[in-house]
Amino acid sequence: GIRRSGSRYGDRVNQHAFFRPVRSLSEHDVLGNRPVELLTFHVDPAALPCIGHGNSVHARIFEIPHDEVSPLKEMLWPQQNMLTINGQVVSGLPKKRKQPHKHPNFMIQPVCLDNYLRPGSNEVKIHNGELNRLVLVIQLGQVVSMDEVVKQVESQLDEGALERGRALIKRLLGDSGDGLACTTLEVGLRCPLSTMRIRQPAKGFACRHVQCFELSTFLEFAKRHSSWVCPHCSNPLDAQDLRVDPLMVEVLRSVSEDASSVEIREDGSFFEVPDEPVRKKAKTEESEGTPLAAAAPSAA
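Below is the structure:
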């Protein structure tokens with residue numbers, strides 16, 4: 364079996380939602396002092412038949428910090444045709460953006476090298492015409508499916524989340540700083556990424572807002588666009604930071620299927636906010652509201 368081995372660069376190079384590294388085959392510093400770098404890495408001939416059938420070899424690159432304290436930051440490949448394995452140009456390198464990503468846990472899809480490998484010694488050529496300072500990491504590991512990531516987030520239970528959610532609502536409905544207190548808090552029930560009704564509400568563990576997003580939609584968006592930030596507060600997120608929000612789960616269960624938002628009162632009750640065409644008609648009608656305490660499951 365394959366045992367997970369540590370990296371001299373710490374946990375950062377082993378962090379990825381959709382790829383689970385178990386061994387680094389090569390970690391090479393590219394110091395930006397020559398346009399072409401040559402190196403080799405070894406693939407165990409006995410392990411080669413398993414590659415592509417559960418195990419996979421992927422490449423990632425990280426920016427070398429200018430000091431000894433800052434953590435490594437993953438980066439997009441500065442140029443196409445930058446990587447050659449055993450004489451073959453590796454295709455499909457994620458393209459460099461005009462504006463670099465600012466968040467330290469920025470993650471892109473690792474580049475699969477399975478089709479370029481041979482048993483034993485493998486030759487690597489790095490074309491670095493821009494003389495970038497980076498670390499090339501080649502890892503053996505397992506690809507993680509979307510369903511697996513969703514299940515991982517679902518298993519990250521937080522026993523105090525329900526009470527913290529209620530306390531957060533109280534704080535948000537408290538003094539606004541100018542001596543005035545809000546009386547209601549409107550919370551949307553549609554995902555900001557898809558505009559569809561949320562089915563599995565999620566947000567970051569450290570997020571300080573009630574509004575959630577659809578878990579699977581966020582993961583698909585993050586995977587496709589390498590944008591691991593909260594769409595509401597722009598806090599950096601990764602899969603380990605995500606939590607399904609039990610408070611919003613209960614709210615969604617308590618309102619009608621076509622409700623697009625709810626309004627939460629000072630007493631903790633909530634009621635559906637009618638769509639714009641219906642609001643004028645509803646002005647003279649009073650809504651009883653549903654207490655959040657009543658919607659929450661009772662402690663066994």
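Residue numbering for the sequence shown follows this note's numbering, starting at 364 and increasing by one per position. Just so you know, even glycine gets a beta-carbon here, dropped at the ideal spot from N, CA and C.
Within its chain, find whatever has a CB closer than 7 Å to the CB of residue i; leave out the 5 residues flanking it on each side and keep chain order.
{"i": "Leu402", "result": "Ser389, His391, Val487"}
{"i": "Glu437", "result": "Arg423, Phe425, Phe469, Met470, Ile471"}
{"i": "Phe382", "result": "His421, Pro473, Gly504, Val506, Val507"}
{"i": "Ile414", "result": "Val420, Asp477, Leu480"}
{"i": "Cys575", "result": "Ile561, Pro564, Ala565, Lys566, Asp608, Met611"}
Just how far apart, CA to CA, sit residue i and residue j?
{"i": "Pro428", "j": "Gly492", "result": "19 Å"}
{"i": "Gln515", "j": "Ala565", "result": "13 Å"}
{"i": "Asp521", "j": "Leu536", "result": "24 Å"}
{"i": "Cys570", "j": "Gly528", "result": "11 Å"}
{"i": "Leu499", "j": "Met611", "result": "42 Å"}
{"i": "Gly450", "j": "Asn598", "result": "42 Å"}
{"i": "Ser623", "j": "Thr558", "result": "10 Å"}
{"i": "Leu411", "j": "Gln442", "result": "29 Å"}
{"i": "His379", "j": "Arg397", "result": "30 Å"}
{"i": "Cys554", "j": "Gly417", "result": "33 Å"}
{"i": "Arg386", "j": "Gly395", "result": "26 Å"}
{"i": "Asn485", "j": "Ile448", "result": "7 Å"}
{"i": "Cys596", "j": "Glu517", "result": "22 Å"}
{"i": "Glu583", "j": "Cys475", "result": "19 Å"}
Can you tell me whether residue i is buried or exposed? The criterion is at least 16 other CB atoms within 10 Å of its CB, across all chains shown.
{"i": "Leu494", "result": "exposed"}
{"i": "Arg606", "result": "buried"}
{"i": "Asp374", "result": "exposed"}
{"i": "Ser433", "result": "exposed"}
{"i": "Val669", "result": "Shown here, the chain extends from 364 to 663; a query on residue 669 therefore has no answer."}
{"i": "Asp608", "result": "buried"}
{"i": "Gln563", "result": "buried"}
{"i": "Asn377", "result": "buried"}
{"i": "Glu526", "result": "exposed"}
{"i": "Ser619", "result": "exposed"}
{"i": "Gln502", "result": "buried"}
{"i": "Gly444", "result": "Note that residue 444 is Asn in the sequence shown here, rather than Gly. Classification of Asn444: exposed, given that the 10 Å Cβ count is below 16."}
Assuming residue i is part of the alpha helix (DSSP H), what are its boundary residues?
{"i": "Gln515", "result": "509-518"}
{"i": "Ile532", "result": "524-535"}
{"i": "Ser624", "result": "It is not in any alpha helix (DSSP H) - Ser624 instead sits in the beta strand (DSSP E) that spans 624-628."}
{"i": "Glu400", "result": "Counting along the chain, Glu400 falls outside any alpha helix (DSSP H), though it belongs to the beta strand (DSSP E) covering 399-406."}
{"i": "Ser617", "result": "609-617"}
How close, in whole Å, do the beta carbons of residue i and residue j come, if the pair is a contact with beta carbons under 8 Å?
{"i": "Leu439", "j": "Leu446", "result": "Not quite, the Cβ-Cβ distance comes to about 13 Å (not below 8 Å), so this is no contact."}
{"i": "Gly567", "j": "Asp604", "result": "5 Å"}
{"i": "Leu548", "j": "Val573", "result": "7 Å"}
{"i": "Ser579", "j": "Val513", "result": "6 Å"}
{"i": "Pro408", "j": "Pro482", "result": "4 Å"}
Quick check on the DSSP output: the beta strand (DSSP E) that includes residue i runs from which residue to which?
{"i": "His588", "result": "Element bounds for His588: not the beta strand (DSSP E) but the alpha helix (DSSP H), 578-588."}
{"i": "Glu426", "result": "419-426"}
{"i": "Leu388", "result": "382-393"}
{"i": "Pro564", "result": "564-567"}
{"i": "Phe633", "result": "632-635"}
{"i": "Gly551", "result": "547-551"}
{"i": "Thr558", "result": "That residue, Thr558, is in no beta strand (DSSP E); it is neither H nor E in DSSP."}
{"i": "Leu497", "result": "497-506"}
{"i": "Ile489", "result": "483-490"}
{"i": "Ile448", "result": "446-448"}
Apart from the five residues just before and just after residue i, which ones in its own chain have a Cβ nearer than 6 Å to its Cβ?
{"i": "Gly369", "result": "Legend: pLDDT at Gly369 = 49, less than 50; position of this residue unreliable, value from coordinates given subsequently. Taken in chain order, the list of residues that qualify is empty."}
Spatial neighbours of residue i within its chain, please: CB distance less than 8 Å, with the 5 preceding and 5 following residues excluded, ordered by chain position.
{"i": "Leu655", "result": "Residue placement at Leu655 is poorly supported in this model, since its pLDDT is 48, which falls under 50; the coordinates still yield a value, given next. Closer than 8 Å at Cβ, skipping near neighbours: Arg529, Ile532, Leu610, Glu613, Val614, Ile627, Gly631, Ser632, Phe633."}
{"i": "Lys586", "result": "Ala380, Phe381, Gln472, Met509"}
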